[in-house]
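Protein chains in written order, with my numbering: chain A, 1 to 154; chain B, 1 to 154; chain C, 1 to 154.
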C-alpha cells in the first residue's frame with residue numbers, strides 16, 4: 001500500500017527520480033537522532049542543472065520559483081531514501097534558499113516560494129517550516145538557485 | 001510576575017513588538033525537540049525594513065550593527081511566541097549573519113556584533129553562541145542585513 | 001594513550017594548534033544535546049588568515065581547496081576542545097562552505113572538497129557529511145573561504 005505522502009505526490013503529478021549523487025566527496029543526507037540534514041540541492045532534472053544563470057537577468061522570477069520547486073523535489077528524493085517512507089516525516093523544520101542574483105535583486109522571497117509552496121502542498125501543516133533566503137553571486141555549476149533542508153522524522 | 005528575561009529587556013529599554021508575519025509561505029519558527037529554529041529576520045521596525053542598501057556604502061558599519069541588533073530583537077519576538085516565556089531559553093545555540101555588501105567589504109564581524117552583543121546582554125552566559133557571518137550581494141526587500149537563529153529551550 | 005582520531009591526525013601530519021579565539025563577541029562552539037555547532041572558521045594559521053582574496057582570481061582552485069582544508073582543521077581544534085576527545089565524535093553531520101568569488105565562478109565543489117576530503121580521511125565513514133556550498137562576494141577579514149560545521153557526539 002502506497003503511503004499517504006506518496007499518494008499526495010502522485011496526485012500532484014510528481015514522480016521522484018532516482019537520487020542524483022553528490023558532485024563531490026560528501027553524502028546526500030545524514031540522520032542525527034530524529035533530524036535529517038540534507039545537502040544543498042541544485043535544480044537538476046535527470047542529473048543536469050536545468051536552470052543556470054542569474055535570477056532577474058537570464059532567469060525570470062517565475063522560472064526561479066520553478067527552479068526552487070525542483071530543488072525541493074530533489075530534497076524529497078533524498079528524504080525518501082533517508083526515511084524509506086515519507087509518511088515518517090513529522091515536520092519540515094527549516095529550508096535554506098540561495099538565489100544567484102545581482103546586487104540590485106530584491107525578490108528572493110517570490111523565488112523561494114516555489115520550494116515553500118510545494119512543501120506545504122505535499123506535507124500540509126507538517127510542511128510549514130522556518131526559512132532563510134539570501135542572495136548569492138554564484139552557485140556550483142552556475143545553478144540559478146540552491147535549496148537545503150532539515151526535516152524531523154518519527 | 002514578569003520573567004527574568006522580560007525584566008532584563010525592560011531594563012534595556014526594549015519592548016518586543018507584535019510578531020511580523022513572514023513575507024511568504026512559511027512560518028516564523030519551528031520547535032523540534034528542545035531546539036527552536038527561527039526564520040531569517042530582516043531589520044524591520046513596525047513591519048517595514050528600516051535599513052536598506054549595502055553596508056560599507058549606503059549603510060555605515062555602525063548602522064549595520066544597529067540593524068543586526070534589530071534583527072535579533074525580531075528573533076526574540078518569535079522566540080517569545082515559540083516559548084511563551086523567554087526564561088525557558090537555556091542557550092542561544094547559533095546565529096547566522098548575512099551582510100549585504102560589495103566584494104571589497106571586510107568588516108562583517110563588526111556589523112554582526114550588534115546581534116551578538118545584544119544576545120549576551122539579554123541572556124548572559126546563556127547568550128554566548130556559535131556564529132557564522134558572511135557577505136551577500138543582496139537580501140530580500142533590499143535589507144542591509146539578515147540574522148537567523150537556533151535556540152535551545154528547557 | 002592517544003585516541004584513535006589523534007593517531008590518525010598524527011599519521012596525516014596534522015598537529016592541532018591552540019584554539020584561535022573568535023574575532024568578536026561569540027564563542028567557538030556550543031554543545032546542544034548530542035550536537036556540537038561550531039562557528040564559521042576562516043582559513044587561519046597561527047591566528048592569521050592565510051588565504052585572502054577571491055577564488056578564481058587571486059586564489060586558484062587548488063589553493064582554495066587547501067584553504068578549505070585549513071578551515072576544517074580549525075573546526076577540529078574547537079571540536080577537540082568541545083569533546084575533550086575526538087574519538088567521541090560519532091558523525092560529521094553537516095558542513096557549510098562559503099567561497100568568496102565572482103559572479104562567473106562555478107567550481108565551488110572542487111574548492112570545498114578540501115574540507116570534505118579531510119573529514120573522510122580523519123573520521124572514515126563517520127566523516128561522510130551533508131554539505132551546502134555557495135559563493136559569496138566577501139568574507140570577514142577578506143578570507144577566501146569559510147567553513148562551518150555540525151557534529152554529533154556520543
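Don't be surprised by glycine CBs; every beta carbon is placed ideally from N, CA and C. None of the values given here were measured: they were computed from a predicted structure.
CB contact check: residue 40(B) to chain A, cutoff 9 Å: Indexing the second chain from 1 puts residue 40(B) at position 40. It does; some Cβ of chain A falls within 9 Å.
Members of the segment 91-103 of chain A near chain B, C-beta cut-off 7 Å: 91, 93, 94, 101, 102 and 103
Within chain C, partners of residue 60(B) - CB distance below 8 Å: For the purposes of this step, residue 60(B) is taken as residue 60 along the second chain, with counting starting at 1. Under the 8 Å cutoff, chain C gives no residues; its nearest Cβ is about 16 Å from residue 60(B).
CB contact flag (residue 22(C), residue 152(B), <9 Å): Mapped onto the third chain, residue 22(C) falls at position 22. Mapped onto the second chain, residue 152(B) falls at position 152. No, the Cβ-Cβ distance between residue 22(C) and residue 152(B) is not below 9 Å.
Beta carbon proximity, residue 19(C) to chain B, threshold 9 Å: Along the third chain, read from residue 1 onward, the residue named residue 19(C) stands at position 19. Chain B contact via Cβ: absent.
Touching by the beta-carbon criterion (3+ pairs, under 8 Å), the segment 60-70 of chain A and the segment 42-49 of chain A: yes
Residues from the segment 135-153 of chain B in contact with chain A, defined by Cβ distance under 8 Å: 136, 137, 138, 139, 140, 141, 142, 146 and 148
Closer than 9 Å to chain A by CB, residue 47(B): For the purposes of this step, residue 47(B) is taken as the residue at position 47 of the second chain. Not one chain A Cβ lies under 9 Å of residue 47(B).
contact_flag[the segment 56-65 of chain C, the segment 95-111 of chain A] where n(CB pairs < 8 Å) is 3 or more: no
Closer than 9 Å at the beta carbon, the chain A residues around residue 83(C): Stepping through the third chain from its first residue, residue 83(C) is reached at position 83. Going along chain A, no residue has its Cβ under 9 Å from residue 83(C), so there is no contact; the nearest lies around 15 Å.
Buried versus exposed call for residue 103(C) [16 or more other C-beta atoms within 10 Å across all chains shown]: Residue mapping note: residue 103(C) aligns to position 103 of the third chain, counting from 1. Counting Cβ neighbours within 10 Å, residue 103(C) comes out buried, since at least 16 surround it.
9 Å Cβ cutoff met for residue 81(B) and residue 95(B): Looking up residue 81(B) in the second chain gives position 81. Looking up residue 95(B) in the second chain gives position 95. No, the Cβ-Cβ distance between residue 81(B) and residue 95(B) is not below 9 Å.
DSSP beta-bridge partners of residue 118(A): Position 118 of the first chain holds residue 118(A). Note: residue 118(A) sits in no beta bridge, so no partner.
Nearest residue (CA-CA) to residue 126(A), options 123(B), 3(B) and 25(B): Numbered from its first residue, the first chain carries residue 126(A) at position 126. Between residue 126(A) and the set 123(B), 3(B) and 25(B), the nearest pair of CA atoms involves 25(B).
Closer than 8 Å at the beta carbon, the chain B residues around residue 105(A): Here residue 105(A) is taken as the residue at index 105 of the first chain, counted from 1. Per Cβ cutoff of 8 Å: 137 and 138.
Paired residues, beta bridge with residue 35(C) - DSSP: Mapped onto the third chain, residue 35(C) falls at position 35. Looking at the DSSP assignment, residue 35(C) forms a beta bridge with 32(C) and 152(C).
Under 9 Å between C-beta atoms of residue 75(A) and residue 124(A): For the purposes of this step, residue 75(A) is taken as the residue at position 75 of the first chain. For the purposes of this step, residue 124(A) is taken as the residue at position 124 of the first chain. Cβ atoms of residue 75(A) and residue 124(A): not closer than 9 Å.
Of the residues 106(A), 105(A) and 28(A), the one placed nearest residue 18(A), counting alpha carbons only: Numbered from 1 along the first chain, position 18 holds the residue referred to as residue 18(A). Minimum Cα distance to residue 18(A) is reached at 28(A).
Backbone secondary structure at residue 27(B) - three-state DSSP: Walking along the second chain from the start, residue 27(B) turns up at place 27. Of the three classes helix, strand and coil, the one that applies to residue 27(B) here is coil, per DSSP.
Separation of residue 100(B) from residue 86(B), as counted between CA atoms: Reading the second chain from its first residue, position 86 is the one you call residue 86(B). Reading the second chain from its first residue, position 100 is the one you call residue 100(B). About 30 Å.
Contained alpha helix (DSSP H) runs [length at least 4] in the segment 50-115 of chain C, N- to C-terminal order: 61-83, all fully within the segment 50-115 of chain C.
Span separating the alpha-carbon of residue 98(C) from that of residue 136(C): Translated into positions along the third chain, residue 98(C) becomes position 98. Translated into positions along the third chain, residue 136(C) becomes position 136. Cα-Cα distance, rounded: 6 Å.
Burial state of residue 15(C), where buried means 16 or more other Cβ atoms lie within 10 Å: Within the third chain, numbered from 1, the residue matching residue 15(C) stands at position 15. Counting Cβ neighbours within 10 Å, residue 15(C) comes out exposed, since fewer than 16 surround it.
Alpha-carbon spacing of residue 105(B) relative to residue 52(A), whole angstroms: Indexing the second chain from 1 puts residue 105(B) at position 105. Indexing the first chain from 1 puts residue 52(A) at position 52. Linking residue 105(B) to residue 52(A) through their CA atoms gives a straight-line distance of about 27 Å.
Candidates 89(A), 144(A) and 50(A), of which the one nearest residue 32(B) by Cα: What you label residue 32(B) is simply residue 32 of the second chain in a count that begins at 1. Closest by alpha carbon: 89(A).
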